[in-house]
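Asks: Encoded as structure tokens, here's the structure I'll be asking about.
In our numbering, the protein residues as written are -2 to 479.
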């Protein structure tokens, strides 16, 4: 993305100094990137990144990002009509971003009249409930066809909302927050969802269709495996052939395509590796080749990631690629690293496949990550934030949106919490630190662990789940259930 950086060399030093001085939150006026012509990055990094005095002053504009995100929950402009079938995605992007900014906790003021974090969470639960179908799964909107993508988004949003009142294992939930958790997690019809997942299974490939009569790729496959893992409905009947399908998607480059035989791409890479990790089969992939491919996707000038070879940097890949790097680091982490829970029935199934001794961490990868986490944080904080309005974006010159706000923040968290470090690695001001995301689910790690613990006690198993679904259908047929 030389076009992005050629202008930076031509910037006057005072303009760049103003860009990084005293935190972006206090900056006024127009976006100083807006008038930049195409370009090369050394100027901003020589002044901001390598100057310790200015580096500590670069801040994440938390309050402005929160206000921008909250506006998205109050109503959207007509230009968002193209996302009518993506309502759960909008809820997830905004909810997850707010959660990373600690704006969903009940004690957090929202700066909105007649609005509390608890009330906001209940409104989101109610809105998402209208998107769920009685035959199983969530659609993109009310009375829309169930689809793996919005189903994944809706479930993650509901799980994050239910866990938002408890940010640490020892924290006691209030009665009000217990009611929110019950409403959010109880809204997910996991029995019907299991039956629906079975209907999407493609016996020929082992993967899953995105929807009834839809395409089969690693996106749908990952979303089914991820949500099934969180809800404790992952069965051998669902997982049969899944790992083989995902492994067949790895290309000669080292990355993964959406299906066998197509080009490797960041989003598909994350989906394939996360699915394999959740199944305990990641070590069967060529991880060294994948690490090399992933390291090559971090752009030299900008420090952010591109989605595939010879493409431009994009802030959303801070998570799709950065999250993949975090997954690889967890899979290769030594036993002494903090454990992470992957499924309901195993506290830490990845520990059996973790490396040890000299093989535990690649010697050329600082903090166990196969990318430069400092440069990624610099790109997010210096280039991806839109000021003074708030929100994050693809790159300078592009508009902010909720999608890029969500995944820029997720990638920033992944870069700050390498698994081989017990303490976070934070670039810039100490207030830039975000909570840790779970590398396989992309919700807060604490939220994922709470959900896994809760659903581990719920009915599970293929025969049990189908029996419950059939019994419910009989009651509905007799008119005893609404």
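Backbone N, C-alpha and C define an ideal beta-carbon position, used for all residues, glycine too.
(1) Nearest-angstrom Cα distance between residue 133 and residue 91?
(2) If contact is defined by three or more beta carbon pairs under 8 Å, each pair taking one atom from either stretch, is the stretch 273 to 284 in contact with the stretch 362 to 379?
(3) Identify the continuous alpha helix (DSSP H) that holds residue 316 and give its terminal residues.
(4) Exposed or buried, which one is residue 471 when buried takes at least 16 other CB atoms within 10 Å?
(5) Would you identify the three-state DSSP class for residue 473, choosing helix, strand or coil?
(6) Does the Cβ-Cβ distance between residue 195 and residue 234 come in under 8 Å?
(7) Judging by CA-CA distance, which residue of 450, 416, 427 and 424 is the nearest neighbour of residue 434?
(8) Could you tell me the alpha carbon to alpha carbon distance between residue 260 and residue 114, rounded to whole angstroms?
(9) Quick one, which of 100, 246, 459 and 156 has its alpha-carbon nearest residue 122's?
(10) Report the CB separation of residue 384 from residue 322 in whole angstroms; it is logged as a contact under 8 Å.
(11) What are the residues that DSSP puts in a beta bridge with residue 295?
(12) DSSP beta-bridge partners for residue 213?
(13) Helix, strand or coil for residue 308 per DSSP?
(14) Would you list the residues sitting across from residue 140 in a DSSP beta bridge?
(15) Which residue or residues does DSSP assign as beta-bridge partners of residue 389?
(16) Could you check the C-alpha separation between residue 252 and residue 222 for me, to the nearest Å?
(17) Thinking C-beta only, is residue 187 closer than 8 Å to residue 230?
(18) With distance defined between alpha-carbon atoms, name the residue in 81, 378 and 176 nearest to residue 140.
(19) Between the stretch 419 to 426 and the stretch 297 to 317, are three or more C-beta pairs nearer than 8 Å?
(20) Excluding five sequence neighbours on each side, which residues of the same chain lie with their C-beta closer than 7 Å to the C-beta of residue 410?
(21) Is it buried or exposed for residue 89, if we count other Cβ within 10 angstroms and need 16 for buried?
(22) Here's a check: name, in chain order, each residue in its chain whose Cβ is nearer than 6 Å to the Cβ of residue 181, leaving out the five neighbours to either side.
(23) Under 7 Å Cβ to Cβ from residue 138, same chain only, skipping five residues before and after it: list those, please.
(24) Can you name the start and end residues of the alpha helix (DSSP H) that residue 145 belongs to?
(25) From 465, 299 and 162, pick the residue whose C-alpha is nearest to that of residue 392; which is it?
Replies: Well, looking at it:
(1) Residue 133 sits at position 136 when you count from the first residue of the chain shown. Residue 91 sits at position 94 when you count from the first residue of the chain shown. Distance between the alpha carbons of residue 133 and residue 91: 24 Å.
(2) Output reads no: the stretch 273 to 284 does not touch the stretch 362 to 379.
(3) By 1-based counting over the chain shown, the position of residue 316 is 319. 314 to 317 is the extent of the alpha helix (DSSP H) around residue 316.
(4) Locating residue 471 in the chain shown gives position 474, counting from the first residue. Taking a 10 Å sphere around the C-beta of residue 471, we find fewer than 16 other C-beta atoms and assign the residue as exposed.
(5) In the chain shown, the residue the question calls residue 473 occupies position 476. Reduced to three states, the DSSP call for residue 473 is helix.
(6) Taking the chain shown and counting its residues from 1, the one referred to as residue 195 is at position 198. Taking the chain shown and counting its residues from 1, the one referred to as residue 234 is at position 237. Pairing residue 195 with residue 234 gives a Cβ-Cβ distance under 8 Å.
(7) The sequence position of residue 434 within the chain shown is 437, counting from 1. Comparing Cα positions, the closest option is 416.
(8) What you label residue 260 is simply residue 263 of the chain shown in a count that begins at 1. What you label residue 114 is simply residue 117 of the chain shown in a count that begins at 1. Each residue's Cα considered, the two are about 43 Å apart.
(9) In the chain shown, residue 122 corresponds to position 125, counting from 1. The option with the nearest alpha carbon to residue 122 is 156.
(10) Translated into the one-based positions of the chain shown, residue 384 becomes position 387. Translated into the one-based positions of the chain shown, residue 322 becomes position 325. About 27 Å separates the two Cβ atoms, so there is no contact after all.
(11) In the chain shown, counting from the first residue as 1, residue 295 sits at position 298. 302, per the DSSP bridge assignment.
(12) Residue mapping note: residue 213 aligns to position 216 of the chain shown, counting from 1. Paired residue(s): 206.
(13) On the chain shown, position 311 is the one that residue 308 refers to. If DSSP states are grouped into helix, strand and coil, residue 308 belongs with coil.
(14) Indexing the chain shown from 1 puts residue 140 at position 143. Answer by DSSP bridge pairing: none, since residue 140 is not bridged.
(15) Mapped onto the chain shown, residue 389 falls at position 392. DSSP, once it has assigned bridges, lists 382 as partnering residue 389.
(16) Along the chain shown, one-based indexing puts residue 252 at 255. Along the chain shown, one-based indexing puts residue 222 at 225. C-alpha separation (whole angstroms): 20 Å.
(17) For the purposes of this step, residue 230 is identified with residue 233 of the chain shown, where counting begins at 1. For the purposes of this step, residue 187 is identified with residue 190 of the chain shown, where counting begins at 1. Taking 8 Å as the cut-off, the beta carbon of residue 230 is found closer than this to the beta carbon of residue 187.
(18) Numbered from 1 along the chain shown, position 143 holds the residue referred to as residue 140. Of 81, 378 and 176, the residue nearest in Cα terms is 81.
(19) Per the Cβ contact rule, the stretch 419 to 426 is not in contact with the stretch 297 to 317 (fewer than 3 Cβ pairs under 8 Å).
(20) Counting from 1 along the chain shown, the entry for residue 410 is found at position 413. Answer for residue 410: 97, 431, 432, 433 and 434, listed in chain order.
(21) Reading the chain shown from its first residue, position 92 is the one you call residue 89. The Cβ neighbour count for residue 89, taken over all protein chains shown within 10 Å, is at least 16; the residue is labelled buried.
(22) As a working note, residue 181 is residue 184 in the chain shown. Cβ neighbours of residue 181 beyond the five flanking positions: 122, 155, 158 and 159.
(23) Position 141 of the chain shown, counted from the start, is the residue given in the question as residue 138. Here the set comprises 81, 82, 84 and 128.
(24) Indexing the chain shown from 1 puts residue 145 at position 148. Taken as a continuous stretch (DSSP letters only), the alpha helix (DSSP H) holding residue 145 covers 145 to 160.
(25) Here the question's residue 392 lines up with position 395 in the chain shown. The shortest Cα separation from residue 392 among 465, 299 and 162 belongs to 299.
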